[in-house]
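Take the sequence shown: its position 60, counted from the start at 1, is 59 in numbering that gives the first Met the number 0, and no numbers get skipped.
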Amino acid sequence: MKAAVWRGPGEGFRIEELAEPKPGEGEVLIRVRYCGICGTDLHLISAGLVPEGAIIGHEVTGKIAGLGAGVKNLKEDDLVAIRPYAPCGRCPACLGGRPNICPRAIENAVGFGRVAGGFAEYLVVKKEQVWRLGKEVSPREGTLAEPLASAVRAVKRSGLQIGDSALVLGGGPMGTLVGIALKWAGAHLVVISEPVLRRRNIIKNLRFRAVVDPERADLLKFFDELPWKKPSLVFDCAGQRDSLAQAIGLCAPGGKVVMASLSWEPALINSMVCLGKELELLSSFSYYEEFESALDIITSDLFDFHSLITDIIPLEELNHALEKVKFPSSEMKVLVQI
0 MKAAVWRGPG EGFRIEELAE PKPGEGEVLI RVRYCGICGT DLHLISAGLV PEGAIIGHEV
60 TGKIAGLGAG VKNLKEDDLV AIRPYAPCGR CPACLGGRPN ICPRAIENAV GFGRVAGGFA
120 EYLVVKKEQV WRLGKEVSPR EGTLAEPLAS AVRAVKRSGL QIGDSALVLG GGPMGTLVGI
180 ALKWAGAHLV VISEPVLRRR NIIKNLRFRA VVDPERADLL KFFDELPWKK PSLVFDCAGQ
240 RDSLAQAIGL CAPGGKVVMA SLSWEPALIN SMVCLGKELE LLSSFSYYEE FESALDIITS
300 DLFDFHSLIT DIIPLEELNH ALEKVKFPSS EMKVLVQI
């Protein structure tokens, strides 16, 4: 099979011919159709966490090409999406109902370095990681179930009540999907802040009430009818050095700030602002059962997920595509077609 194999910072990913993997007991062979490029892929590469010879990529859709012994309720040619995480089921996190923070979940996840991922023609996954896509969902849209599940988790962590208002900082893929998850969950008003014009135009087509250029407009003018004239929920989806401090400053007293984007840089915040407003500072990491909710949202046909896909490139152009989505970027979601 053809695969994009990591060969270090100098060369990047090299297209190589490898033996097609075989599914073992309880496993499923997937013929990959599409794999999305995620910001996490960039973080793993830049942090030197991708080992030599690894195949990454975890936003995967494809068709079932083979079944290992003991696999039931699935059949060859089923169109499926992959939930990449594999929690152990035995640690305190798993037993406490939070498998998303299981230490083994990422270590054993598809496409994070140790287990081969979706930037290849075939991959093998556990049967529990396979989710059949309905006829209403295309394999392109299905790749968005993975990042959307993270967005659903972030909204769940916020404790959103129907009728709440929220501000989302950063209208990239994660911020836009958080906005969609907020609307799905019943938010009264969702304002998304995004400096890049192309991204703002994409978000506006999703019928958000307010999409704001933070460099040219007052982010709080849309919240004038609220008691504090500020949102009670602010989501930091920008992941920049100063974005968390900005989120804290914009949040209403007694409100909640949710960190929903990865950043390796230390955040600079004034703790007195948090204390003075008695804010709740929350983090949201990954997901697990939220994957099913994400598929429900996509299947509902209430949102134009296809409009979020701004480019589709062949596997041979993976290195170029990774450069294309680095910050700052006007792309929304770039898929690799395999």
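The beta carbon of each residue, even a glycine, is placed where N, CA and C say it ideally should be.
- Annotation for D40: the continuous alpha helix (DSSP H) segment containing it runs G38 to S45.
- For I296, the enclosing alpha helix (DSSP H) covers residues E289 to T298.
- Ranked by Cα distance from K155, the first of I312, Y287 and A320 is Y287.
- Scanning the stretch 187-252 for uninterrupted alpha helix (DSSP H) segments of 4 residues or longer gives 196-203 and 242-249, listed from N- to C-terminal end.
- DSSP, reduced to helix, strand and coil, places G61 within a strand of the structure shown.
- Taking 8 Å as the cut-off, the beta carbon of S164 is found no closer than this to the beta carbon of L281.
- Between the C-alpha atoms of G238 and A68 there is a straight-line separation of about 43 Å.
- Cβ contact annotation for S192 (same chain, cutoff 6 Å, sequence separation greater than five): L168, V211, P213 and L218, in chain order.
- Taking 3 residues as the minimum length, the beta strand (DSSP E) runs contained wholly in the stretch 300-337 are 308-313 and 332-336, in order along the chain.
- By the criterion of a C-beta distance shorter than 8 Å, A18 is surrounded in its chain by M0, once the five residues flanking it on both sides are discounted.
- If you draw a 10 Å sphere on the C-beta of I55, you find 16 or more other C-beta atoms in it, and that means buried.
- For M258, the enclosing beta strand (DSSP E) begins and ends at K255 to M258.
- Close CB contacts of W227 within its chain, under the 7 Å cut and outside five residues either way in sequence, are with A251 and P252 (chain order).
- I100 and N204 have their C-alpha atoms roughly 35 Å apart.
- Apart from the 5 residues on each side of it in sequence, L176 sits with its Cβ closer than 6 Å to the Cβ of P146, L147 and A150 in its chain, given in chain order.
- Note: L122 is bridge-paired with I29 in the DSSP secondary-structure output.
- Shown here for V272: same chain residues with a beta carbon closer than 7 Å to its own, the five before and five after excluded, namely I247 and G248 in chain order.
- Remark: C-beta atoms of I81 and I29 approach each other more closely than 8 Å.
- For K1, the enclosing beta strand (DSSP E) starts and ends at K1 to W5.
- Proximity to D235 across N269, E277, S283 and R199 peaks at S283, based on C-alpha coordinates.
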